[in-house]
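> The structure that follows is given in the form of structure tokens.
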């Protein structure tokens, strides 16, 4: 099975108020890229990655009139994707939803949020002392992580969490002092989100449930000078000692040269591009025995991507992030048992599917 996570920059801007695609020359959310060009590029990338399930970060909007599931179904049908069914978790108010596109011929996926006396559901509030003043602060996710129960038609079921943690960037700052204060405040809130997410993960790990955590964590060790104030990055908190992700583990090496990256941004002041590793695919120890293979589809770091002009162009036009894929052989899962057909216990079906295109 191939899983992937892909942050698609301002995907919502490609749809009108009725979730129909803009397939014309109007501006997209990508600088200098039309809606038609970005839409074609996204379709090219997703067809080439050819994942059985894709965690879409910055998925189209859900609101009074718009529907993430309807928009993704519209896109999948137009693009001819085999991953044509869609499911999502809790919606948010940022126009950047988290959703899953998947192939219904390969698996079933259902929104299956969890809450306990110790760890609230991700659409609730989490109490934590953010600034060591002995006063508990209430933390909320601006983009609640998506919790999915994945049931392959062949292979062991597993839990999938898709996450998009708060950005640390000081958007809106009008002076260096404001930027510094905002950066520290945002990092504090992001770390609280990471601790909350890790607490939920620990419950799954304690219950010996196979677990995959994918998405844009907006962080990595050494990405900014304020990390020393808090001791650890969000990635280190979420990764812990158990979860496996070779790209994340690379960040913890003493020699940090030649690190992988998954995003590429333009610095307007310096007129240069800079790169960072922000997107991850972490797996629990039991899934580490399923011959995992990770890949970042970076047009300048992955030789195959660079050597394919059409794919290279599409990756650059589609988004400022690049897909991360994870291949798992679930038949190797120790003592695996397939669940019978039907709705998974505790899961709530919440999907939409269109089309009947097969594997390219």
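In the working numbering, the protein residues as written are 1 to 360.
The C-beta atom is built at its ideal place from N, Cα and C for all residues, glycine as well.
(1) Using a threshold of 8 angstroms, state whether the C-beta atoms of residue 52 and residue 107 are closer than that.
(2) Is the region 115 to 128 touching the region 191 to 211 in the sense that three or more CB pairs, one from each, lie closer than 8 angstroms?
(3) On a Cα-Cα basis, can you pick out the residue from 248, 135, 7 and 244 that is closest to residue 54?
(4) Determine whether the beta carbon atoms of residue 214 and residue 318 lie at a separation below 8 angstroms.
(5) Give the range of the alpha helix (DSSP H) segment to which residue 38 is assigned.
(6) I'd like to know whether the C-beta atoms of residue 292 and residue 49 end up nearer to each other than 8 angstroms.
(7) Please classify residue 96 as buried or exposed, where buried requires at least 16 neighbouring CB atoms within 10 angstroms.
(8) Taking Cβ to Cβ, would you say residue 190 is nearer than 8 angstroms to residue 165?
(9) Counting only C-beta atoms, is residue 152 closer than 8 angstroms to chain C at any point?
(10) Run through the DSSP bridge pairs and tell me what residue 293 is partnered with.
(11) If you drop the 5 nearest sequence neighbours on each side, which residues of the same chain put their C-beta closer than 6 angstroms to that of residue 17?
(12) When DSSP builds the beta bridges, which residues end up paired with residue 137?
(13) In the DSSP assignment, find the unbroken beta strand (DSSP E) run with residue 216 in it and report its ends.
(14) My parser needs the beta strand (DSSP E) runs of 3 or more residues fully inside the region 74 to 111; what are they?
(15) Please go through the same chain and pick out, in chain order, the residues whose beta-carbon is closer than 8 angstroms to the beta-carbon of residue 32, but skip the five residues on each side of it.
(16) Tell me where the beta strand (DSSP E) around residue 234 begins and ends.
(17) Could you tell me whether the Cβ atoms of residue 94 and residue 57 are closer together than 8 angstroms?
(18) Taking three-plus beta-carbon pairs below 8 angstroms as touching, is the region 73 to 81 in contact with the region 133 to 152?
(19) Short check: CB of residue 278 to CB of residue 263, under 8 angstroms?
(20) Which residue marks the beginning of the alpha helix (DSSP H) containing residue 312, and which one marks its end?
(21) Can you give the Cα-Cα distance for residue 237 and residue 104, rounded to whole angstroms?
(22) Could you name the residues of the same chain whose beta carbon sits closer than 8 angstroms to that of residue 19, not counting the 5 residues immediately before and after it, in chain order?
(23) Looking at the unbroken alpha helix (DSSP H) that takes in residue 304, where does it start and where does it end?
(24) For residue 197, which of 267, 178, 123 and 252 has the nearest alpha-carbon?
(25) Note down, in chain order, each residue of its chain lying with its Cβ closer than 8 angstroms to the Cβ of residue 245, except the 5 sequence neighbours on either side.
(26) From residue 268 to residue 274, what does the alpha carbon distance come to, in whole angstroms?
(27) Tell me the DSSP secondary structure of residue 31 in three-state form.
(28) Would you kindly work out how many angstroms separate the C-alpha atoms of residue 209 and residue 158, rounded to a whole number?
(29) Distance check for residue 148 and residue 339, CA to CA, integer angstroms please.
(30) For residue 235, which residues of its own chain have a beta-carbon under 6 angstroms away from its beta-carbon, when the five flanking residues on both sides are left out?
(31) So, at 6 angstroms on beta carbons, what are the nonlocal neighbours of residue 327 in its own chain, with the 5 sequence-adjacent residues on each side left out?
(32) Sort out for me which residues DSSP pairs residue 3 with in a bridge.
(33) Between residue 177 and the rest of its own chain, which residues show a CB-CB distance below 8 angstroms, the 5 nearest in sequence each way excluded?
(34) Measure from the alpha carbon of residue 400 to the alpha carbon of each residue in 91, 80 and 38, then state which is nearest.
According to the structure data:
(1) It is a contact, given that the beta carbons lie within the stated cut-off.
(2) Judged by Cβ distances under 8 angstroms, the region 191 to 211 makes contact with the region 115 to 128, as three or more pairs qualify.
(3) Closest option to residue 54, Cα to Cα, is 7.
(4) No. Outside cutoff.
(5) That run of the alpha helix (DSSP H) goes 35 to 49.
(6) No, Cβ-Cβ distance for residue 292 and residue 49 is not below 8 angstroms.
(7) Taking a 10 Å sphere around the C-beta of residue 96, we find 16 or more other C-beta atoms and assign the residue as buried.
(8) When the beta-carbon positions are compared, residue 190 and residue 165 come within less than 8 angstroms of each other.
(9) Among the protein chains of the structure shown there is no chain C, as only one such chain exists.
(10) According to the DSSP secondary-structure assignment, residue 293 is paired through a beta bridge with 327.
(11) For residue 17, the CB contacts under 6 angstroms within the same chain, skipping 5 residues up- and downstream, are 65 in chain order.
(12) Under DSSP, residue 137 shares a beta bridge with 128.
(13) Counting along the chain, the beta strand (DSSP E) containing residue 216 begins and ends at 211 to 216.
(14) Listed in chain order, they are 85 to 88, 97 to 102 and 107 to 111.
(15) For residue 32, where only same-chain residues beyond five positions count, there are no Cβ hits under 8 angstroms.
(16) For residue 234, there is no enclosing beta strand (DSSP E); the enclosing alpha helix (DSSP H) has its first and last residue at 234 to 239.
(17) Cβ distance not < 8 angstroms, so residue 94 and residue 57 don't count as in contact.
(18) At 8 angstroms Cβ cutoff, the stretches do not touch.
(19) Taking C-beta atoms as the reference points, residue 278 and residue 263 count as a pair closer than 8 angstroms.
(20) Segment 309 to 318, the alpha helix (DSSP H) holding residue 312.
(21) The C-alpha of residue 237 lies about 33 angstroms from the C-alpha of residue 104.
(22) Taken in chain order, the residues that qualify are 60, 66, 67, 70, 71 and 74.
(23) Counting along the chain, the alpha helix (DSSP H) containing residue 304 begins and ends at 303 to 306.
(24) It is 123 whose Cα lies nearest to the Cα of residue 197.
(25) Only 239, 280, 281, 282, 283 and 294 meet the Cβ criterion.
(26) Between residue 268 and residue 274, the C-alpha separation is close to 11 angstroms.
(27) Correct three-state label for residue 31: coil.
(28) Cα to Cα, the separation comes out at about 7 angstroms.
(29) The pLDDT assigned to residue 339 is 49, lower than 50, so where the model puts this residue is not dependable, and the model offers no usable value.
(30) The beta carbon of residue 235 lies closer than 6 angstroms to those of 217, 219, 220 and 248 in the same chain, with the five residues before and after it left out.
(31) Excluding sequence neighbours, residue 327 sits near 2 and 293.
(32) Its beta-bridge partners are 53 and 326.
(33) There are no such residues.
(34) Limits of the chain in this structure are 1 at one end and 360 at the other, which puts residue 400 out of reach.
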